[in-house]
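Enquirer: Before we start, here is the structure in question, set down as structure tokens.
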Amino acid sequence: MRRGTGQNLRAAAGAMLRIFALAAALVAGGPAFAVQPDEILDDPALEARAREISKDLRCLVCRNENIDESNADLARDLRLLVRERLVAGDSDTETVDFIVDRYGEYVLLNPRPGGSNWLLWAAGPVMLLVAGAVGYGYLRGRARASETAEARLTREEEERLQNLLKD
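In the numbering used here, the protein residues as written are 23 to 189.
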């Protein structure tokens with residue numbers, strides 16, 4: 023065994039640990055970078071409400087990212103709008119309703135089960151029931167087919183078979 027191998031392993035392990043810690047900090051801290059310091063409200067309770075509302079609103083530019091995590095200009099505008107509405111005295115529901123009225127239900131990451139969305143909410147269970155019915159029908163059809171496949175021989179066919187087996 024060469025000298026210094028243990029030291030090399032420890033140095034490599036230390037470097038890997040530092041790289042892992044840096045990567046974890048970047049991944050975990052990513053959402054914190056989106057909300058700029060000038061957007062944060064002075065009242066911690068209002069800021070907490072704004073963050074809670076922002077988690078459920080979709081960035082219309084980034085698609086499946088909430089406005090709190092997005093760096094897009096439109097997401098910033100939406101974050102500011104949420105904070106303005108809360109400072110003006112709107113409740114959480116009124117704030118969300120205002121934004122939905124302005125941008126449509128697509129802005130919600132979790133659409134409400136109502137209106138035209140009922141079709142989407144019901145599609146999964148309905149498809150499951152249809153698949154179950156089709157599967158049941160298929161299995162019943164196979165059972166009937168196997169019953170009819172076991173047809174009996176006529177007397178003439180049995181006699182002919184016996185004659186063939188004797189030879």
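Cβ coordinates follow ideal geometry from the N, Cα and C atoms, glycine included.
How many Å lie between A100 and P135 at the Cα?
Expert: Position check: residue 100 holds Leu in this sequence, whereas Ala was assumed. Approximately 23 Å, taken between the alpha carbons.
Enquirer: Looking at C-alpha atoms only, which residue of E181, R40, L161 and L79 is the closest neighbour of T115?
Expert: L79
Enquirer: Give me the Cα-Cα distance between V109 and I121, rounded to the nearest whole angstrom.
Expert: Taking the CA atoms as reference points, V109 sits about 15 Å from I121.
Enquirer: Do L175 and L183 have their CB atoms nearer than 8 Å?
Expert: Closer than 8 Å, so yes.
Enquirer: Using the Cα positions of D119 and N139, report the straight-line distance between them to the nearest angstrom.
Expert: 16 Å
Enquirer: In three-state terms, what does DSSP make of R164?
Expert: helix
Enquirer: Spell out the partners DSSP gives R80 in its beta bridges.
Expert: N88
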